Ligand SMILES: Nc1ncnc2c1ncn2[C@@H]1O[C@H](COP(=O)(O)OP(=O)(O)O)[C@@H](O)[C@H]1O
Ligand SMILES: [Mg+2]
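Chains as they are written, first to last, in UniProt numbering: chain A, 1 to 298; chain B, 1 to 522.
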């Protein structure tokens, strides 16, 4: 779906991105992870031609994006920014209608699609006529996402979409977004510097440093088979938590009925029902931990 | 007496003039403003895109703003002549900075994330500008336009100095004539114009534009076309054109008298003394109201027309001194009177010519004069007291002030300060009565007509009577203000109509009556 080949971009004498290549398959989530200033945003912006590479090529569906008109290209790619970038002089309804208007959608179609997204994103319809400044940070970010999804683009680029939110809201919205059916089908490239977020959201993670890729692979691969010192060092501090997040319950307890749940998620779920005095569940959290440790020894 | 006329009576009586001046004022302000908007906004946008240009452009517009208005008008006259054109250009130049600067900052202040989002969603550069940057910069941009508008309404009063009309005609005429009704009739509408325009623009400022459309630009162009009709009446056509100072326009012994007594029907524009002579020389004007001892008469080869019906009263110059000062320093009166009899019309014209045209300093001219006439004595030790000499803002007054300074320093132990540059008759006289100066050279005619404002009967009785006027003002000033007229110096700097020598000769015009007849025939 998206293929980046050997992207290089300099700003003056500073090399922001130095020979980056990756591929994102249809429906896959790729996370660009790395400390601030390592070139994530620059890489992301080269995909919708907000930045032109000095050398290298990006293909979308096999087509070199340089052969496409930049504006036309961008209208077909969803783009979500850290600071939502909502137009302060437009109401919420007007904001989310921007791309459909650029594509000359009919008003009724716009309204219908907006209603649908409002519903899916748990947005109160009454905010449609409000201006962005009247919304909470979480609402603003939801509207920003709704705006990028309006024309249902197959590709979505997100640059630290939760970065401006407080911790609790961030975790809540992250869970919501993850569960959103609209996002499941999308090819998604997301930038973050938050390791936990990368492990929760990413099918694959592209770990970057100083404009270069250190390793690209599934969370598990990065964690359990780091290809260099940098990668293992990068996760050291949060290692246990990340391991719990990257291992599925079925991997440590073969035959467990819930297929897609990670050990971390299961533990979170168990902790939530701790007050139920359910002896059976209390036992399970310990079993889970024991099984996990056994799995790790192997 | 004029003073007793109420403000409303004045406004009603002069309502035609008031309207035409207000329209002219509005026209000047709006035309220059719209041209400035049309040029400054794109320029402001340009410098957000070419950052390197911004310092230069803003700096240059900033320098324009610091040029004093009168100086700017003066610089423009050689290129554009007189009338609305240089006035509009000057106003346009003043309006540039606030609009460029606010367009620039307005756009620069737009949240980069919003612009980034706009581009990322696939808006073209033009769409980003029209739908995002300009609408969001709009309140700041409008604040710049409001600033420019208020500045322009104020500066447009100076248009009256270069025959471009506007409320400055009343304001400066009123100041010159010591007529507060006239000043207010100009100043109040000017202030109202500023307030109303600013208010209307503040309403526009509050509009939340979703996008700026080219259609909005049509509106100002429609306005410009409409207001440009105002320019038509002052087109200088084939007929003779008179250019008179605001003061002359309002005076019985000026334009009003020309109309009443001579039945002179000439098209007129209002213009400042500073540019009038040159404009006549350059054939932009044919008849001007000058002073008979003005040095520029000589410089521009102009001649005065004989006042055959005696409407211009004598203007003999004499020191006007506060009696208290004379009492305090009894030696002063005799010293000041020393000058009496030494300067006639042509001596004064020649000295004025040196200062105004040859750019010699008034100090030097005064020194040369006192030397030549053996009036000069080296300055004595000072310390006995200080005399403050005032003067109006033109060469002749500067020269006289310097001569008096030499006389006082050479003959008394008094110190002297000269306070030159007191705007006009009213300002000078107020300074005298308020004890800010001790004396200044004044003209009998001015004292008689402007400061005393005699009734019709006195006017008629003293018409053409040189001594009678002098005695009348001496008596009245003593009585009303405790101020003394010393002996007249000797020259008569009266109003006179002037024309280019060759034109006057070819048309055989020697007197004002000749001029009236010529105009009536054509
Ligand atoms: N427009 C730009 N001009 C100059 N330098 C830039 C620009 N954009 C990014 N950089 C530099 O390139 C490097 C990578 O930036 P960026 O891609 O924004 O990093 P990240 O998103 O990983 O924090 C940084 O050192 C940054 O300072
Ligand atoms: Mg970044």
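A virtual CB, placed ideally from N, CA and C, is assigned to each residue, including glycine. Computed from a predicted structure; not experimentally measured.
One thing to note: residue 448(B) has its Cβ no nearer than 9 Å to the Cβ of residue 320(B). Close to residue 107(A), with beta-carbon spacing below 7 Å, lies no residue of chain B; the smallest spacing is near 15 Å.
Contact between residue 24(B) and residue 166(B) is confirmed by a C-beta separation of about 5 Å, below the 8 Å threshold. Counting the other CB atoms within 10 Å of its CB gives residue 133(A) a total below 16, which places it among the exposed residues. By the criterion of a C-beta distance shorter than 7 Å, residue 366(B) is surrounded in its chain by 399, 402, 403, 406, once the five residues flanking it on both sides are discounted. For residue 230(A), the Cβ stays outside the 8 Å cut-off from all heavy atoms of ligand 1.
For residue 46(A), the enclosing alpha helix (DSSP H) covers residues 40 to 47. Neighbours of residue 85(A) in chain B, taken as residues at a C-beta separation under 7 Å, are given in chain order as 113, 114, 116, 117.
Looking at the DSSP output, residue 137(A) bridges to nothing. Within the same chain, and ignoring the five residues on either side of residue 437(B) in sequence, the residues whose Cβ sits closer than 6 Å to its Cβ are 388, 390, 419, 431. In the DSSP annotation of this structure, the continuous segment of the alpha helix (DSSP H) that includes residue 366(B) starts and ends at 362 to 372. Within the model, the alpha-carbon separation for residue 162(A) versus residue 127(B) is close to 28 Å.
Cα atoms of residue 466(B) and residue 145(B): separation of roughly 55 Å, rounded to the nearest angstrom.
What residue 208(B) touches in chain A, judged by beta-carbon distance under 8 Å, is 89, going in chain order. For residue 51(B), no Cβ of chain A is located within less than 9 Å of the residue's own Cβ.
Look at which beta carbons fall closer than 5 Å to any heavy atom of ligand 1; those residues are 11(A), 16(A), 36(A), 37(A), 38(A), 39(A), 40(A), 41(A), 42(A). In this structure residue 85(A) does not touch residue 110(B) by the C-beta definition: roughly 11 Å separates them, more than the 8 Å allowed. By the Cβ test, the region 88 to 100 of chain B is in contact with the region 40 to 52 of chain B, since at least three Cβ pairs between them sit closer than 8 Å. If you ignore the 5 residues before and after residue 325(B), its C-beta comes within less than 6 Å of the C-beta of 438, all in its own chain and listed in chain order. For residue 207(A), the pairing in a beta bridge is given by DSSP as 33(A), 215(A). Residue 219(A) is not a Cβ neighbour of residue 26(A), given a cutoff of 9 Å. Taking all protein chains shown into account, residue 104(A) has fewer than 16 neighbouring C-beta atoms within 10 Å of its C-beta and is therefore exposed. Under the three-state reduction of DSSP, residue 59(A) is assigned to strand. For residue 116(B), the closest of 71(A), 252(A), 93(A) by C-alpha to C-alpha distance is 71(A).
Approximately 7 Å separates the beta-carbon atoms of residue 6(A) and residue 55(A); this is inside 8 Å, confirming the contact.
Within the DSSP bridge table, the entry for residue 317(B) names 443(B) as partners.
Residue 234(A) counts as buried, since at least 16 other C-beta atoms from the protein chains shown sit within 10 angstroms of its C-beta. Judged by beta-carbon spacing, residue 136(B) lies beyond the 9 Å limit of residue 175(A), meaning their Cβ atoms are not closer than that value.
Three or more Cβ pairs drawn from the region 147 to 165 of chain B and the region 192 to 212 of chain B lie within less than 8 Å of each other, which places the two stretches in contact. It is roughly 37 Å from the alpha-carbon of residue 61(B) to the alpha-carbon of residue 352(B).
Closer than 8 Å to some heavy atom of ligand 2: that describes the Cβ of residue 159(A). Residue 288(A) and residue 263(A) have their C-alpha atoms some 8 Å from each other.
Here residue 97(A) is not bridged, per DSSP, to any residue.
Taken atom to atom, the span from the alpha-carbon of residue 127(A) to that of residue 140(A) is near 10 Å. The shortest C-alpha to C-alpha distance from residue 101(A) to any of 122(A), 87(A), 178(A), 151(A) is the one to 151(A).
Check the Cα spacing between residue 303(B) and each of 310(B), 290(B), 309(B): the tightest is with 290(B).
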